[in-house]
């Protein structure tokens with residue numbers, strides 16, 4: 003496990019829960035708007051990794067103060083030791099939330115089968131026919147479709163979410179995404195914020211105005227049970 007970051011407490015990462023947050027190193031996507039761009043490279047350039055045993059001991063000490071752990075990145079499903087690591091977290095009797103881009107459905111399937119995940123959040127980067135453009139890499143669309151289906155039928159709590167970036171996404175994209183995940187339990191429309199981006203040019207771009215986000219929400223609500231805006 004390449005753990006590059008550790009946050010003691012978050013009230014927003016896992017809806018309704020207090021969690022510690024673990025940040026893994028490395029991602030197979032190159033989204034230009036990524037706000038964790040320092041976690042994209044497969045190897046950290048500036049930071050040493052947190053030893054796994056240190057993190058587990060840290061979590062044991064936090065037990066009673068937190069409800070669980072949110073594992074994010076980077077892309078956690080790239081981590082070879084993720085399955086065993088989550089098993090150890092569950093042995094501490096903490097709930098687990100996983101953030102993923104959905105590119106590794108086999109691991110998602112395994113984690114769900116073994117009841118190792120309590121909540122899963124999958125980023126939907128855009129319509130399937132625009133994934134390569136938006137993520138800056140070649141992806142297998144079947145993997146994305148499999149992950150969506152696995153999550154929708156998992157029986158656990160979940161969310162899908164999309165960060166909408168002016169100049170990169172539009173209303174047609176939103177409609178295509180809503181059709182892609184239609185019938186889902188929960189979908190978050192996240193407004194782009196130019197705080198820190200993989201592509202520095204996007205630091206010059208402002209997010210969508212509130213009125214347009216509401217229009218996005220109205221369109222998505224025709225296909226998805228619960229739609230919220232994160233601005």
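In the working numbering, the protein residues as written are 3 to 233. Quick reminder that beta carbons are idealized off the backbone N, C-alpha and C, glycines included.
Under 8 Å by Cβ, that's how I've got residue 72 and residue 12 pegged, so tell me the actual separation to the nearest angstrom. For a cut-off of 8 Å, the C-beta gap from residue 72 to residue 12 is around 7 Å, short enough to register as a contact.
Segments of 3+ residues assigned as beta strand (DSSP E) that fall wholly inside the segment 152-203: Within the segment 152-203, complete beta strand (DSSP E) segments of at least 3 residues are found at 159-166 and 188-193, given in chain order.
Does DSSP put residue 224 in a helix, a strand or coil? In this structure, residue 224 counts as coil in the three-state DSSP scheme.
For my contact list, residue 1 and residue 213 are in at a C-beta cut-off of 8 Å; report their separation, rounded to the angstrom. No information on residue 1 is available, as it lies outside the stretch 3 to 233 that the chain covers here.
Cut-off 6 Å between Cβ atoms - residues of its own chain near residue 96, not counting five sequence neighbours on either side: The beta carbon of residue 96 sits closer than 6 Å to those of 70 and 71, all from its chain and outside the five residues before and after it, given in chain order.
Looking at the secondary structure, which residues open and close the alpha helix (DSSP H) in which residue 54 lies? In the DSSP assignment, residue 54 falls within the unbroken alpha helix (DSSP H) covering 54-64.
Distance, Cα to Cα, residue 135 vs residue 84? Rounded to the nearest angstrom, the gap between the Cα atoms of residue 135 and residue 84 is 28 Å.
Using the rule of at least 16 other Cβ atoms within 10 Å of the residue's Cβ for burial, across every protein chain shown, is residue 18 buried or exposed? Residue environment: residue 18 is assigned as exposed (fewer than 16 neighbouring CB atoms within 10 Å of its CB, all protein chains considered).
Please report the distance separating the alpha-carbon of residue 179 from that of residue 126. Rounded to whole angstroms, residue 179 to residue 126 spans 8 Å at the Cα level.
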